[in-house]
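Read the structure below first, then the notes.
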Amino acid sequence: MDVADLPGVPSWLPEHLQSAGIEALYPPQAEAVEAGVTRGENLVASIPTASGKTLIAQLAMLSAITDAAGASERERSDPETPPADGDGTALGGTALYIVPLRALASEKQAEFEEFEQYGLDVGVSTGNYESDGGWLADKDIVVATSEKVDSLVRNDAPWLDDLACVVSDEVHLVDDAERGPTLEVTLAKLRRINPDMQTVALSATIGNADVLAEWLDAELVDSDWRPISLKKGVHFGQALHLEDGSQSELPVRNSEKQTAAIVRDTLDDDGSTLVFVNSRRNAEAAAGRLASVTREALTPAEREQLADVAAEIRDVSDTETSDDLADAVADGAAFHHAGIASGHRELVEDAFRDRLLKVVSATPTLAAGVNTPSRRVVVRDWRRYDGTAGGMQPLSVLEVHQMMGRAGRPGLDPYGEAIIPAASHDELDELFDRYVWADPEPVQSKLAAEPALRTHLLATVASGFARSRDGLLEFLERTLYATQTDESGRLARVVDEVLGYLQRNDFLERDGEELSATSLGHTVSRLYLDPMSAAEIIDGLRSGGGSAANGDDASEEPAGFTTASDLADEAGGDEAKDPTAMGLYHLVARTPDMYELYLRSGDEEEYSQIAFEREAEFLGRMPSEFEDDRFEDWLAALKTARLLEDWASEVDEDEITDRYGVGPGDIRGKVESAQWLLGAAESLASELGLDAAPAIRRARTRVEHGVREELVDLAGVRGVGRKRARRLFDAGIESRADLRDAEKSVVLAALRGRAKTAENVLENAGHRDPSMDGIEPSEEVSYERSDSDGRASDGEEATDDQTSLGDF
DNA sequence: TGATAGAACCTTTAGACAGCATGTC
DNA sequence: CTAAAGGTTCTATCA
7 MDVADLPGVP SWLPEHLQSA GIEALYPPQA EAVEAGVTRG ENLVASIPTA SGKTLIAQLA
67 MLSAITDAAG ASERERSDPE TPPADGDGTA LGGTALYIVP LRALASEKQA EFEEFEQYGL
127 DVGVSTGNYE SDGGWLADKD IVVATSEKVD SLVRNDAPWL DDLACVVSDE VHLVDDAERG
187 PTLEVTLAKL RRINPDMQTV ALSATIGNAD VLAEWLDAEL VDSDWRPISL KKGVHFGQAL
247 HLEDGSQSEL PVRNSEKQTA AIVRDTLDDD GSTLVFVNSR RNAEAAAGRL ASVTREALTP
307 AEREQLADVA AEIRDVSDTE TSDDLADAVA DGAAFHHAGI ASGHRELVED AFRDRLLKVV
367 SATPTLAAGV NTPSRRVVVR DWRRYDGTAG GMQPLSVLEV HQMMGRAGRP GLDPYGEAII
427 PAASHDELDE LFDRYVWADP EPVQSKLAAE PALRTHLLAT VASGFARSRD GLLEFLERTL
487 YATQTDESGR LARVVDEVLG YLQRNDFLER DGEELSATSL GHTVSRLYLD PMSAAEIIDG
547 LRSGGGSAAN GDDASEEPAG FTTASDLADE AGGDEAKDPT AMGLYHLVAR TPDMYELYLR
607 SGDEEEYSQI AFEREAEFLG RMPSEFEDDR FEDWLAALKT ARLLEDWASE VDEDEITDRY
667 GVGPGDIRGK VESAQWLLGA AESLASELGL DAAPAIRRAR TRVEHGVREE LVDLAGVRGV
727 GRKRARRLFD AGIESRADLR DAEKSVVLAA LRGRAKTAEN VLENAGHRDP SMDGIEPSEE
787 VSYERSDSDG RASDGEEATD DQTSLGDF
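693 is the number that the working numbering gives to position 687 of the first sequence; each next residue is one higher, with no gaps.
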């Protein structure tokens, strides 16, 4: 189909597409148009990555929100659509594009911003970022994560009543046990609020796209067409066996690993390789080894550019991980996983897209995240450790196909190849059966599980979608779960159980048939907390510190109001003592909303010891050592809490990564979660009239900036992080006010003579004359740390956090 | 005696969404 | 109860 013949789209679109070099639609796109995407029809498109999903979404959104030249045609073909008011004016309504990851939100935003020249406004809304320049209600296209949309629904964002079109990207993730139900419920709610809204769902190729279409009353486009062909295959011995039956030689030299041989072979053809492995350590080790292969193939120019990237990587953070990454990058290889800093991730992704990096070894982050295609993909590890299953489990076909789908760069490669290395002849056959020939498994709703329903039932009642048990069950009829199952008994049973839980914890109340949220329930729902997290936090705040294992009170429910007066009080203040930062960090670390850190061998002993020493600080009941699982979880939370405490005590980043066996990216992740949960805890405290709120706020500000109490004020100045704040403080500048009328030479010295930085900081602090012209750093300032209390005598001298080493 | 390759043993294990408020010349 | 790779330490072998 030619783009000039598109029905129902804005008049400028065909020309716009042509100028971007798009003359004809890809076959699946044409199918989508024939199915009516541009005429407001619901659509499920189950097609491979990179086969033009974005354009389908754009066609749907643009035709839905603008009054196109083809409006009259639209009326003819779809008499149900109310006629547009006037001619040539926008129909109004917003299009919402739902993504599974924050990183994808910004990627999509960039893609949609090409329409801004036609007067369309694009906005982004995620938990950590909201596009500025106006209110979301004024946007024509909004990109958001599914959780953010859910949260917006809970908070009654008015513009959600005016949606013309919603596009759900990667909708096969409804299969995910943790996050799938959110997407499922949110789509159901949006469709109920906007009965005339167009729903478009984009999915990877899955086994049962027809069921999704049935659920969403949608037309179905189910295709495995790709713009560049993808050849899947298995490597064994000295040969590469492809799915088309061909075999080619791919020799493995002595003492060389299979993966290295494949990478070398790809390099001979001037291509790059993406290697998927099953653990972070494997990713890092593989990158180190493969660097010796890529090193040989670099041109001097590439070597130079890579050296620059390596330097930038070292600038991001000065941890061991950072060094290892930079070393590999200098040789043209890199690793990629969730433990590296986000700056690292971006640098690696960009350098790989620019074909500077010849190989990246990655965990599944890269398969799900932003677009990073490669000539060849190697799925080295097709089994992954799964504690709940007790051992290595094979990856799902869907997941392996998603990884394989990264092979082949549109417009750059003639084709893509995806290879799994086999260690034996039997394995070769098995891999062909299991992954090369196999179809992806069907997706299955995970809604009927307690954790999912806990949060969604409360939200559904709180935001008025249902007012009784029957109303809830009726609402749940709109979900995929109901479409997929005939027996309603299981769902009803879990619903009853969860309703009981929510009532016992005072989130919901029941008056005859009538079900309503308590004011606490409303708060919890709006805060986006798992009700179980809220219950834990409330219990902890109410019972205060030091309630050591007070017997086995058999009830699941918190005992509440434990008096702790008989315990030694090491935590400061006598009466009505404030919770300590450690107490609060531990409280939020043990909620289900915080991921647990893994306890390594030896950790159990170490943290039991700490638990004993600091017993008085912990809020709520400590499980006894005989409650095996619960005690272990409690200790894992203690490990997290201590990480947070270290961070908030200015312990160095590389010291923390070392001590807890985490990557720099993990620290950020934990800090972010803690910030969110402490914010929520503060709200709960005020809601319940507890006086812990100020202490919670202090603890939160400290993790936010990673500083001790005395630096909180300084670290609030933009451009001043934990390290600069400490240096300024040690130079006698102890607050924002001090900074405003500080002696400039002292500031300059404390910031290690960097005039540009100093000017910036002074300006941000509101200094009336920040100029550093002709100022010399004062010599009286010593860099010696004046450690007033406690630990953290860690070296602080090495580098500055925001600037590189070189310029001093 | 010292260097080195390889066996035997030990350790560890993917990912990542969310509140709220407010600044700033 | 289930695995496997990488890292570490110990041991055998050779110069």
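Just so you know, even glycine gets a beta-carbon here, dropped at the ideal spot from N, CA and C.
In this text, all values refer to a predicted model and were calculated from it rather than measured experimentally.
Around the CB of Asp250, fewer than 16 other CB atoms lie within 10 Å, so the residue is classed as exposed.
Checking the DSSP bridge columns, you'll see Lys237 partnered with Glu423.
The stretch 423–469 is shown to contain whole alpha helix (DSSP H) runs of 4 or more residues at 431–437 and 456–468, in chain order. At a cut-off of 3 residues, the continuous stretches assigned as beta strand (DSSP E) that sit fully inside the stretch 189–266 are 204–209, 225–228, 236–242, 245–248 and 253–255.
Here the alpha carbons of Val105 and Ser152 stand approximately 6 Å from one another.
Within its own chain, the residues whose Cβ lies closer than 6 Å to the Cβ of Val206, once the five positions on either side in sequence are excluded, are Leu49, Ala66 and Val173, listed in chain order. In the three-state DSSP reduction, Ala748 falls in the coil class, being neither helix nor strand. In the DSSP assignment, Glu542 falls within the unbroken alpha helix (DSSP H) covering Pro537 to Ser549. Annotation: Leu547 to Thr188 spans about 29 Å, alpha carbon to alpha carbon. The beta carbons of Pro379 and Arg412 sit closer together than 9 Å.
In the DSSP assignment, Glu520 is bridged to Ser474 and Asp517. Nearest neighbour of Ala183 by Cα position, chosen from Lys452, Gly669 and Gly277, turns out to be Lys452. Proximity of the stretch 445–460 to the stretch 417–435 falls short of the contact definition, fewer than three beta-carbon pairs being nearer than 8 Å.
Proximity to Ala36 across Glu21, Ala595 and Ser57 peaks at Ser57, based on C-alpha coordinates. In the structure shown, the three-state DSSP call for His342 is strand. When C-beta atoms of the stretch 588–603 are compared with those of the stretch 645–652, three or more pairs fall below 8 Å, so the two segments count as touching.
Partner residues in the beta bridge of Pro400, as assigned by DSSP, are Arg389. Here Arg708 is actually not in contact with Glu688; their C-beta atoms are around 13 Å apart, not less than 8 Å.
Comparing alpha carbon positions, the residue from Asp419, Asn214, Val159 and Leu169 closest to Asp181 is Asn214. Nearest to Ile199 by C-alpha distance, out of Glu661, Ser607, Ser469 and Ile739, is Ser469. Within the DSSP secondary-structure output, Arg382 pairs in a beta bridge with Thr279 and Glu423. If you ignore the 5 residues before and after Pro164, its C-beta comes within less than 7 Å of the C-beta of Ala143, all in its own chain and listed in chain order. DSSP lists Ser131 as the bridge partner or partners of Glu136. Taking a cut-off of 8 Å for Cβ pairs, the stretch 520–530 and the stretch 599–612 do not touch, as fewer than three such pairs fall below it.
Across the structure, Arg286 and Ala368 are spaced so that their CA atoms are roughly 8 Å apart. The count of Cβ pairs closer than 8 Å, one atom from the stretch 771–783 and one from the stretch 747–763, reaches three, so the stretches are in contact. In its chain, beyond the 5 residues on either side, Asn48, Leu49 and Val50 have a beta carbon closer than 6 Å to the beta carbon of Ala224.
Taking all protein chains shown into account, Gly393 has fewer than 16 neighbouring C-beta atoms within 10 Å of its C-beta and is therefore exposed. Here DSSP, grouped into helix, strand and coil, assigns Ile268 to helix. Between the C-alpha atoms of Asp652 and Gly669 there is a straight-line separation of about 15 Å. For Ala289, the enclosing alpha helix (DSSP H) has its first and last residue at Arg286 to Thr300. The shortest CA-to-CA distance from Gly46 to any of Lys59, Leu31, Ile53 and Gln64 is the one to Gln64. Residues Met7, Val9 and Val39 of the same chain have their beta carbon placed closer than 7 Å to that of Leu31, with the five preceding and five following residues left out of the count.
The alpha carbon of Ser531 has as its nearest neighbour, out of Ala541, Ala465 and Leu521, the alpha carbon of Ala465. Note: Ile147 is bridge-paired with Ala101 and Val128 in the DSSP secondary-structure output. In this structure, the straight-line span from the alpha carbon of Asp476 to that of Leu505 is close to 12 Å.
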